[in-house]
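Colleague: Below is a structure I'd like to ask you about.
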């Protein structure tokens, strides 16, 4: 009994969390099964965006809000597009290459960018994002400039599964999203994740205790950016085309807004924000010009009234429901 209890304590991902994750995956499969082709595509995009907001949340735990997250997704997408269309590579190795390319670039940028703090960090990553996007435009001989790269082939069949179909591609994205969720959840619950949060709370104290603060902040930045690259690979392949406009400030604002609206204290907070923003986007699909305004109003409302996002509102509601029972 004691050994089993110790094993549970050492396991980063608890059985209840794993069961909840599998239940959510099953619910998504059922929703996809009974959805239209359009709603099925919305679910695919939601899962890709979920990878982006979850990995973005990892970076926020180190005490900084990066505006270059979508730019790293662009690096992954363009790496995949260049290799599949220009070099004839199959999709599968490009998923790894796109992930690694984003991680390597994040590591290269880590030294100058992570020397900054708070608002300066945000501005530094904003400048890095703008530089990456302009590079994709200016090096048109390689990247296609504003037109981007088109006619990207879908993944070749694997284990008899055809990924040309929407159902097959949904299965691929769901599996990758589940793996990413498990990895990020394990990091969040592990000693590494707790140390990253402690560094964000008090960096000077952490250094006094012998913690290599720059190393932990770099680790969070590189892992989060690498996962963004993997999400970019999937997004570019799903769309069949990549261009700089797909990875601009509007897309980045959606990721940041999801984190603010949902909250970043818990692992599921940004997902709640993403669900709300996605619902708003679909409800007002016929008036697309107002969607950024609605996202902005959602951010303002979250900052003014929730004091921590939807996760705080939900936690208070659950506490009130449990209150009378405990009494």
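Residue numbers (the numbering used here): -5 to 321. All residues carry an ideal CB built from backbone N, CA and C; glycine is no exception. Here the structure is a predicted model, which is why all the values come from computation and not from measurement.
1. Only counting the same chain, and skipping five residues up and downstream in sequence, which positions put a Cβ closer than 7 Å to that of residue 156?
2. Since residue 183 and residue 293 are thought to touch, with beta carbons under 8 Å apart, how far apart are those beta carbons, to the nearest angstrom?
3. In the DSSP assignment, the alpha helix (DSSP H) including residue 188 goes from what residue to what residue?
4. Assuming residue 304 and residue 288 make a contact with CB atoms under 8 Å, what is their CB distance in whole Å?
5. Say whether the segment 127 to 135 touches the segment 231 to 247, bearing in mind that this needs 3 or more beta-carbon pairs closer than 8 Å, one atom from each stretch.
6. Using 8 Å as the limit for Cβ to Cβ distance, is residue 308 near chain D?
7. Taking Cβ positions, are residue 249 and residue 16 nearer each other than 8 Å?
8. Among 306, 74 and 125, which has the Cα closest to the Cα of residue 228?
9. The alpha helix (DSSP H) spanning residue 127 covers which residue range?
10. Could you tell me whether the segment 192 to 210 touches the segment 31 to 40, using the rule of 3 or more Cβ pairs below 8 Å?
11. Exposed or buried, residue 103, counting other C-beta atoms within 10 Å across all chains shown (16 or more means buried)?
12. To the nearest angstrom, how far is it from the Cα of residue 116 to the Cα of residue 53?
13. Taking only runs of the alpha helix (DSSP H) that begin and end inside the segment 225 to 272, which ones reach a length of at least 4 residues, in chain order?
14. What residues match up with residue 143 in a beta bridge as DSSP calls it?
15. With a threshold of 16 other CB atoms inside 10 Å of the CB of residue 185, please say whether the residue is buried or exposed.
16. Within the chosen definition, does the segment 109 to 125 reach the segment 54 to 69 through at least 3 CB pairs nearer than 8 Å?
17. Please classify residue 90: is it buried, with 16 or more other beta-carbons within 10 angstroms of its beta-carbon, or exposed?
18. Could you please give the first and the last residue of the uninterrupted alpha helix (DSSP H) stretch that includes residue 29?
19. Thinking just about the alpha-carbon of each residue, which of 187, 299, 82 and 230 is nearest to the one in residue 72?
20. With 16 other CB atoms within 10 Å as the buried threshold, where does residue 67 fall?
21. Rounded to whole angstroms, what's the CA-CA distance from residue 174 to residue 221? Just pull it up for me.
Modeller: Well, looking at it:
1. Here residue 156 refers to the residue found at position 162 when the chain shown is read from its first residue. Excluding positions up to five away in sequence, the list reads 162.
2. If you number the chain shown from 1, residue 183 lands on position 189. If you number the chain shown from 1, residue 293 lands on position 299. Contact flag wrong, Cβ pair sits at about 28 Å.
3. Here residue 188 refers to the residue found at position 194 of the chain shown. Unbroken alpha helix (DSSP H) run through residue 188: 185 to 195.
4. Counted from its first residue, the chain shown places residue 304 at position 310. Counted from its first residue, the chain shown places residue 288 at position 294. Actually they are not in contact, since the Cβ atoms of residue 304 and residue 288 sit about 15 Å apart, beyond 8 Å.
5. The segment 127 to 135, when compared against the segment 231 to 247, does touch it at the 8 Å Cβ threshold.
6. Structure shown: chain D not included; a single protein chain is present.
7. Looking up residue 249 in the chain shown gives position 255. Looking up residue 16 in the chain shown gives position 22. Using a Cβ distance threshold of 8 Å, residue 249 and residue 16 do not count as a contacting pair.
8. Your numbering for residue 228 matches position 234 in the chain shown. When each option's Cα is compared against that of residue 228, the closest is 74.
9. Your numbering for residue 127 matches position 133 in the chain shown. 112 to 132 is the span of the alpha helix (DSSP H), which, as asked, contains residue 127.
10. The segment 192 to 210 makes no contact with the segment 31 to 40; the number of CB pairs closer than 8 Å stays below 3.
11. Position 109 of the chain shown, counted from the start, is the residue given in the question as residue 103. With 16 or more neighbouring CB atoms inside 10 Å of its own CB, residue 103 falls in the buried class.
12. Counting from one through the chain shown, the residue named residue 116 turns up at place 122. Counting from one through the chain shown, the residue named residue 53 turns up at place 59. C-alpha separation (whole angstroms): 12 Å.
13. Entirely contained in the segment 225 to 272, the alpha helix (DSSP H) runs reaching 4 residues are, in chain order, 243 to 256.
14. For this step, residue 143 is matched to residue 149 along the chain shown. Paired residue(s): 236.
15. Locating residue 185 in the chain shown gives position 191, counting from the first residue. Burial call: exposed.
16. The count of Cβ pairs closer than 8 Å, one atom from the segment 109 to 125 and one from the segment 54 to 69, reaches three, so the stretches are in contact.
17. One-based indexing of the chain shown puts residue 90 at position 96. Classification for residue 90: exposed.
18. Indexing the chain shown from 1 puts residue 29 at position 35. Neither: residue 29 is in no alpha helix (DSSP H) and is coded neither H nor E.
19. Locating residue 72 in the chain shown gives position 78, where the first residue counts as 1. That would be 230, whose Cα lies nearest to the Cα of residue 72.
20. For the purposes of this step, residue 67 is taken as the residue at position 73 of the chain shown. With 16 or more other Cβ atoms from the protein chains shown falling within 10 Å of its own Cβ, residue 67 counts as buried.
21. Along the chain shown, one-based indexing puts residue 174 at 180. Along the chain shown, one-based indexing puts residue 221 at 227. If you take the alpha carbons of residue 174 and residue 221, they lie about 7 Å apart.
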